[in-house]
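Numbers in my numbering are just positions in the sequence shown, counted from 1, shifted up by 1. Even for Gly, the Cβ is constructed at its ideal location relative to N, Cα and C. Computed from a prediction, not measured in an experiment: that's the story for all the values here.
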Amino acid sequence: MRKVQNLIVGCGLSGMVLAERIASQLGEEVLVIDKRDHIGGNIYDYRDSSGVTVHKYGPHVFHTKYKEVWDYLSRFTDWHYFMYRVKAVIDGEEVNIPFNLDSLYKVFPHKLASDLEAKLIKKFGFNHKVPILQLRESRDSDLEFLAEYVYQKVFLGYTIKQWGVTPEELDPSVSGRVPVYISRDNRYFQDKYQAIPAHGYTEMAQNMLNHPLIRVELNTDFADIREKTLYERLFYSGPIDEFFSFELGKLPYRSLDIRFRRFDREYYQSGPQINYPENYDFTRSVEYKYYLGEETAQTVISEEYSQPYISGKNERYYPVPDQKNQELYDKYRRKAAACPNVYFVGRLGDYKYYNMDETVKRALELYERIEANEVRKVS
2 MRKVQNLIVG CGLSGMVLAE RIASQLGEEV LVIDKRDHIG GNIYDYRDSS
52 GVTVHKYGPH VFHTKYKEVW DYLSRFTDWH YFMYRVKAVI DGEEVNIPFN
102 LDSLYKVFPH KLASDLEAKL IKKFGFNHKV PILQLRESRD SDLEFLAEYV
152 YQKVFLGYTI KQWGVTPEEL DPSVSGRVPV YISRDNRYFQ DKYQAIPAHG
202 YTEMAQNMLN HPLIRVELNT DFADIREKTL YERLFYSGPI DEFFSFELGK
252 LPYRSLDIRF RRFDREYYQS GPQINYPENY DFTRSVEYKY YLGEETAQTV
302 ISEEYSQPYI SGKNERYYPV PDQKNQELYD KYRRKAAACP NVYFVGRLGD
352 YKYYNMDETV KRALELYERI EANEVRKVS
């Protein structure tokens, strides 16, 4: 029987932040395990033979409004400043996403676009994001027309491909994330801090784990060591239903089939990400060399095909947000609350989609609670 002070299941962002904090601040030993053969979880990247830094699990562009998160990660990486710009092919035109005032003039005649712009600014003000559902409830026929256009052209097809269901079958929070942006700001994010680790996410992950009190064991499944390991604390970033042997039922996920292609040309497309809500079977095409401004003769893209998660076949990517699944998760969460010194973290442990900065922020907050408890014990 092996004994460890702190066992962390999963070497993604949650696990790495907690490992680094516990080792460097509490001076305690940490064992991090992961069933994959690499560190970093879904932010793992690598240098392709073409010289392009590729994100194995799809595009990851760091952005945050939280200075404490930015400052924390800045200890482990230099940054390549990068503001993400995304387009979608709508009626054959590449249009800014989120759909904004410039997008109006790409898809509508100038007079109609001008009238819609004036109405949007008058009703909602400039530089505001209006959720598509709110716009659909407008009593103005022109704005209702615009809402229906964006819903049909930008949201509906993409949602069906991504989730395998219609928008009405999902939690309203999903459609709430699709706005019309009353602005000419064509960035995908508006956060103060936007960048990509200058030498890649994997090097940042290596720096976070570079501590003598941290040991990492890859190709290691928690199920295989569970009965052979004693721990003082367990941080579990795996699927919460799997932890409890699915005794209440399985939580569903969506997965991705990410297909990479290399081309003997400098660039393949006009920008880092192009969405295809109306065309093809994949949701988006991503060209990675844009991220770090790499100058190479070849280029690498990925195309994402959304699919249901099937155990043993693919990876869990996205929790499926609807009322039934939330109720099942809540039952598991109540069971989790009865497990002493076991902490469930991350998108799988919390059954919730997190941006990278939210993942880091939650892990830091969890560590602070643990640190406060340690101080109380001493005092």
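Own chain residues within Cβ distance below 8 Å of residue i, not counting five before or after
i	result
M2	K229, T230 and L231
I241	L252, Y330, Y333, R334, A337, F345, L349, G350, D351 and Y352
N187	R86, N97, N101 and D103
E204	T78 and P198
F156	I133, P168, S176, V179 and P278
H200	T78 and D79
E149	R137
K124	S139, D141 and L144
T1	Past the boundaries of the shown model lies residue 1; the chain is included only from 2 to 380, so the question cannot be answered.
Proximity test, residue i beta-carbon vs the ligand SAH heavy atom, cut-off 8 Å
i	result
N276	The model on display carries no ligand, and the ligand SAH is accordingly not part of it.
Identified DSSP bridge partners for residue i
i	result
E296	Note: E296 sits in no beta bridge, so no partner.
D46	H56
R370	BP columns for R370 are empty, so no partner.
E95	V90
A196	F63 and Y82
K130	Y182
V301	R263
S307	L257
I215	V31
P168	Its beta-bridge partners do not exist; DSSP assigns none.
Y319	R255
Cβ-based neighbour list, residue i, same chain, cut-off 6 Å, excluding 5 preceding and 5 following
i	result
S184	N101 and N128
Y82	A196
V379	The pLDDT assigned to V379 is 45, lower than 50, so where the model puts this residue is not dependable, and the model offers no usable value.
Y310	Y254, S256 and R317
I44	H61 and Y202
I275	K88 and S286
Y182	P99, N101 and K130
N208	F77
G158	P278 and E279
R234	N7 and N342
V70	D358, V361 and K362
Sub-9 Å separation of residue i and residue j beta-carbons
i	j	result
A20	I215	yes
L219	R37	yes
V301	K290	yes
V90	E288	no
Y237	I23	no
F261	S303	yes
V131	L121	yes
V217	D46	no
S25	H212	yes
E267	T284	no
D1	D192	Because the chain in this structure spans residues 2 to 380, residue 1 falls outside the shown range and cannot be described.
T54	Y269	no
K362	Y67	yes
V5	L27	no
V151	L136	yes
W164	Y355	no
Y189	F63	no
K154	D282	no
G16	G347	yes
Q299	G52	yes
T360	V18	yes
D258	S307	yes
First through last residue of the alpha helix (DSSP H) which encompasses residue i
i	result
S104	L102 to V108
E112	Contrary to the premise, residue 112 reads as Lys rather than Glu in this sequence. Element bounds for K112: H111 to F125.
V10	Where V10 is concerned, there is no enclosing alpha helix (DSSP H), although the beta strand (DSSP E) it sits in stretches over R3 to V10.
N326	Q324 to A337
Q274	No alpha helix (DSSP H) holds Q274; the beta strand (DSSP E) holding it covers Q274 to N276.
R22	L14 to R22
I34	Element bounds for I34: not the alpha helix (DSSP H) but the beta strand (DSSP E), V31 to I34.
I259	It is not in any alpha helix (DSSP H) - I259 instead sits in the beta strand (DSSP E) that spans Y254 to F264.
G158	G158 to W164
I241	I241 to F244
D72	K68 to L74
E1	No information on residue 1 is available, as it lies outside the stretch 2 to 380 that the chain covers here.
First and last residue of the uninterrupted beta strand (DSSP E) at residue i
i	result
D345	Before going further, note that residue 345 is Phe rather than Asp in the sequence given. Element bounds for F345: V343 to F345.
N220	No beta strand (DSSP E) holds N220; DSSP gives it neither H nor E.
D285	Correcting the residue identity first, residue 285 is Arg in this sequence and not Asp. That run of the beta strand (DSSP E) goes R285 to E288.
L231	T230 to Y237
K146	The displayed chain sequence assigns Phe, not Lys, to residue 146. Looking at the DSSP string, F146 is not in any beta strand (DSSP E); the run it does join, the alpha helix (DSSP H), is S142 to V151.
Residues of its chain near residue i, where Cβ-Cβ distance is below 7 Å and the 5 sequence neighbours each way are ignored
i	result
E118	L102 and L105
F245	Y333 and K336
A373	none
F223	V10, I34 and G239
G272	R86, K88 and Y291
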